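Data first, discussion second: the structure below is written as structure tokens.
Protein chains in written order, with the numbering used here: chain R, -1 to 269; chain C, -1 to 269.
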């Protein structure tokens, strides 16, 4: 008999960047089915106000709940920063975000002291990362900067272009000047920039993203709530986007690094 | 007695760029009241699919109709390109877009032969400008390119930065190589880039935007439908945005080049 353990995991993001988290989860928990929602019709979330982000995130969660998911991952930094505390109060299934795992990944290296954070304007202005880091460890130097041009550059597929390097340099120069030892990529899009960041940054700056740690924390959450699916590999993946276009389907493949299967259109409704 | 001539004109855009059109209309028709809607919660429209753009535009039009406007200007190139033909069939008040005026502004110089068009991906892919130009005059050379990074650069206020020039050069080099004599700025955001474009482009390339011609065509439309408000200056302006933020209010002032008054939040509903 199919029980709640067999239900799918739900993920959502403003776009397709959250598929970097799905990829890490599929690697660690290959037996789990996954339902992914990308709100491509209204992306980006990062430049919008906290109230609007919370409203959109609530509609995203309701969509996933309507699909019968057993747990939810907010695979979007901006939505985690502004909406997760609200969901903890009233979501009927376990729900987690990407910020706590990101902070944990940063602090996994005990020598980390001078932390740079790059993210959307919404995430930076929420101070969620700065706050989570500062409460975990005393004496950290934390420098967060909003880098709103990086998502459009990635979506334009200009990752290897000279201007992308210049934009990154312009954003990061002040962080490098402050002698950061760690750079947190606090947006699910940014892992695609790893090769460029590696080339640009001094060799002793550690680059951190939250996908792998997020998968590990999800596994713990499922174990703790007795929801882990014990069956072997071959979990199914269903991707829903609120706006379908060739460009998003292409990007989805790049983030997932494997075929996406048929992508469906989702229609959300206000709660 | 207040009649329909005293009702306001309605304008909408995905964001605040359409205020460049409002400014031109206020200069030409200072007695008209204006209600402006910017769908900042879901911007940009330019990267999304035709179906989604049409659905958003329909909700925008319904909002303006609910405010009792006497006529509507689609002050957004992407929405004009994909949704205007639909509205012509069933909008209960006169409605016009920015593309026909833009094309007219291009062809006002009879020597124009090699036309470059820069716009969002949605506008370029619609072929609306290319089609409108080609049906007006035979033998034109028309080159449209999508320049999706320009809106984020303008919104980041990096207009005078070196990287912005490099992005523009990268986009425009192929057009310049084709020997264009005219460049159509087919997005209401782009007039803010005029100083940079002037500096970058060869001196004999004419830059065209649609705002002034759009105001003239609107005046004709109001005269033709007996809706022109004959009273003198001091028309009121009401601005509604679907997402309020300091950043959008700042941008609105830059596009309007005058104080915006109190900006209100609009809540749209599906039709």
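Glycine is no exception: its CB is placed at the ideal position from the N, C-alpha and C atoms. Source: prediction; values computed, not measured.
On the DSSP bridge assignment, give the partners of residue i in chain order.
i	result
residue 32/C	7/C and 235/C
residue 51/R	In the DSSP output, where bridge partners are listed per residue, residue 51/R has none listed.
residue 1/R	Its beta-bridge partners do not exist; DSSP assigns none.
residue 69/R	7/R
residue 263/C	239/C
When you compare the CB of residue i with every CB in chain R, is at least one pair closer than 9 Å?
i	result
residue 250/C	no
residue 257/C	no
residue 54/C	yes
residue 64/C	no
residue 86/C	no
residue 151/C	yes
residue 38/C	yes
residue 154/C	yes
residue 168/C	yes
residue -1/C	Summary for residue -1/C: the model assigns pLDDT 45, below 50, so the residue's position carries little reliability, and this model does not support an answer.
Does any CB atom of chain C fall closer than 9 Å to the CB of residue i?
i	result
residue 165/R	yes
residue 50/R	yes
residue 46/R	yes
residue 121/R	no
residue 262/R	no
residue 240/R	yes
residue 161/R	yes
residue 147/R	yes
residue 24/R	no
residue 243/R	yes
residue 218/R	no
Exposed or buried, which one is residue i when buried takes at least 16 other CB atoms within 10 Å?
i	result
residue -1/C	Its pLDDT being 45, under 50, residue -1/C is placed unreliably by the model, and the measurement read from it follows with that caveat. Counting Cβ neighbours within 10 Å, residue -1/C comes out exposed, since fewer than 16 surround it.
residue 182/R	buried
residue 103/R	buried
residue 172/R	exposed
residue 2/C	exposed
residue 106/C	exposed
residue 108/R	exposed
residue 37/R	buried
residue 267/R	exposed
residue 64/C	exposed
residue 149/C	buried
residue 100/C	buried
residue 260/R	exposed
residue 75/R	buried
residue 60/R	exposed
residue 257/R	exposed
residue 200/R	exposed
residue 227/C	buried
residue 158/C	exposed
Is the Cβ of residue i closer than 9 Å to any Cβ of chain A?
i	result
residue 158/C	Although the question refers to chain A, the structure presented lacks it and instead comprises the protein chains R and C.
Where in the stretch 160 to 242 of chain C do unbroken runs of the alpha helix (DSSP H), each at least 4 residues long, occur, reported from the N-terminal end onward? 160 to 175, 192 to 198 and 209 to 222
Measuring CB atoms only, is the stretch 181 to 192 of chain C touching the stretch 111 to 123 of chain C, in the sense that at least three cross pairs come out at less than 8 Å? yes
Completely contained beta strand (DSSP E) runs for the stretch 89 to 167 of chain C, where each covers 3 or more residues: 112 to 117 and 139 to 144
Segment contact flag, the stretch 208 to 216 of chain C with the stretch 16 to 27 of chain C, C-beta cutoff 8 Å, min 3 pairs: yes
I'd like to know if the stretch 133 to 141 of chain C and the stretch 158 to 169 of chain C are in contact, where contact means that at least 3 CB-CB pairs between them fall below 8 Å. Segments in contact, no.
Cβ pair count under 8 Å reaching 3, the stretch 222 to 237 of chain C against the stretch 26 to 36 of chain C: yes
Stretch-stretch touch, CB-based, cutoff 8 Å, three pairs: the stretch 137 to 146 of chain R with the stretch 54 to 72 of chain R: no
Just checking, does the stretch 247 to 254 of chain R make contact with the stretch 44 to 54 of chain C on the three C-beta pairs under 8 Å criterion? Output reads no: the stretch 44 to 54 of chain C does not touch the stretch 247 to 254 of chain R.
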